[in-house]
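Beneath this line is the structure, given in structure tokens, with notes to follow.
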Amino acid sequence: MGQPPTVMPAVPAKVSVFSYPLHLVDNAPEWLLMQQRSGRGQHVVTLNSEMVMLAERTPRFAELLRQADLVIPDGSGVILYLKLHGLSVKRQPGIEFAEALLKLASESDHHNRVFFYGAAPGVAETVAGRWQAKLPNLKVVGVESGYHDANTEAELIRRLERLQPNIIFVALGVPRQEYWIQDHRHVCPTAIWVGVGGSFDIWAGQKQRAPKLFRNLHLEWLYRLYQEPWRWRRMLALPQFAWKALLSRLYGRRR
């Protein structure tokens, strides 16, 4: 008896948050690996309300969001916006999405090669070691910290060009990581590029993720503010986004 036919993951449906695209797909890691195997590189953005408000005042970031290959709903504010417009969507936290992608890559017969770039010196190495221990079949081909000079940056580009990883996680923080991916994805044109923010610090044990109760109540942002009070200025984007989302609903602007 032959092998069962391969089921192609559903094509992501596209909606909008204000004027920015958002893709709805239940099996994003599977879809991405299928695209990657077909030679189609992907830039993944995990969208939250801070990023939307950044796009509202930064034309370059706005254009980046519109050009990204896959934009998934990360932040609770984005979920609220969709709910106000009649769409019940499950939140896909970026760290959980990245973990699911790693696990699927480790189970694949295509020997996906992974590169970890970003965070403070030593963190990416710790992350790579922990994931390698957890997923023995995962093939980590390189790491690099986010703190280096121009010479190290040039060498990093040469390494990526030589290694051609299938999956590249970039932990430089928003929007630096998104800009860096946009500027350098041509070096590995068939790779899956994902900006993962502070995920390396959590994976390495440098920081803790919000307890499950906070996550279930969509208050992960509050726990993060408790951990990093210096972020309070950036957090002002949250009420601004919520107010704008309410206005868009009141005025019936479903884009």
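Sequential numbering of the sequence shown, starting at 20, is according to my numbering. Heads up, the beta-carbon is just placed ideally off N, CA and C, and yes, glycines get one too. Here the structure is a predicted model, which means the values were calculated and not measured.
| Do three or more CB pairs link the region 54 to 66 to the region 198 to 205 at distances below 8 Å? | yes
| Just checking, does the region 28 to 46 make contact with the region 88 to 101 on the three C-beta pairs under 8 Å criterion? | yes
| query | Is residue 142 closer than 8 Å to residue 88 when the C-beta atoms are compared? | reply | Numbered from its first residue, the sequence shown carries residue 88 at position 69. Numbered from its first residue, the sequence shown carries residue 142 at position 123. Taking a C-beta distance under 8 Å as the contact criterion, residue 88 and residue 142 do not qualify as a contact pair.
| request: Check whether the region 113 to 130 touches the region 156 to 168, taking contact to mean three or more Cβ pairs, one atom from each stretch, closer than 8 Å. | output: yes
| Whose C-alpha, out of 167, 162 and 72, is nearest the C-alpha of residue 259? | On the sequence shown, position 240 is the one that residue 259 refers to. Checked all of 167, 162 and 72; the closest Cα to residue 259 is 72.
| field | First and last residue of the uninterrupted alpha helix (DSSP H) at residue 203 | value | As a working mapping, residue 203 is identified with position 184 in the sequence shown. It spans 195 to 203 - the alpha helix (DSSP H) in which residue 203 sits, taken as one unbroken run.
| task | Spell out the partners DSSP gives residue 33 in its beta bridges. | result | Sequence index remark: in the sequence shown, residue 33 carries index 14 (1-based). Answer by DSSP bridge pairing, in chain order: 42.
| task | Taking the CB atoms as reference points, tell me whether residue 210 and residue 187 lie closer together than 8 Å. | result | One-based indexing of the sequence shown puts residue 210 at position 191. One-based indexing of the sequence shown puts residue 187 at position 168. A contact, by the Cβ cut-off of 8 Å.
| said: If you reduce the DSSP assignment to three classes, tell me which class residue 273 lands in. | reply: Counting from 1 along the sequence shown, the entry for residue 273 is found at position 254. Note on residue 273: pLDDT 44, under 50, position unreliable in the model; the coordinate value appears next. Of the three classes helix, strand and coil, the one that applies to residue 273 here is coil, per DSSP.
| Would you say residue 149 and residue 222 are within 8 Å of each other, going by their C-beta atoms? | Residue 149 sits at position 130 when you count from the first residue of the sequence shown. Residue 222 sits at position 203 when you count from the first residue of the sequence shown. Taking a C-beta distance under 8 Å as the contact criterion, residue 149 and residue 222 qualify as a contact pair.
| task | Enumerate, from N- to C-terminal direction, the unbroken beta strand (DSSP E) stretches of 3 or more residues contained entirely within the region 93 to 164. | result | 132 to 137 and 158 to 163
| message | Is the beta carbon of residue 191 closer than 8 Å to that of residue 113? | response | Here residue 113 refers to the residue found at position 94 of the sequence shown. Here residue 191 refers to the residue found at position 172 of the sequence shown. Result no, Cβ atoms of residue 113 and residue 191 do not sit closer than 8 Å.
| Could you give the distance in angstroms between the alpha-carbon of residue 36 and the alpha-carbon of residue 266? | Counting from one through the sequence shown, the residue named residue 36 turns up at place 17. Counting from one through the sequence shown, the residue named residue 266 turns up at place 247. Between residue 36 and residue 266, the C-alpha separation is close to 13 Å.
| request: Output yes or no for whether 8 Å exceeds the beta carbon distance between residue 68 and residue 96. | output: The count along the sequence shown starts at 1 and reaches residue 68 at position 49. The count along the sequence shown starts at 1 and reaches residue 96 at position 77. Going by C-beta atoms, residue 68 is nearer than 8 Å to residue 96.
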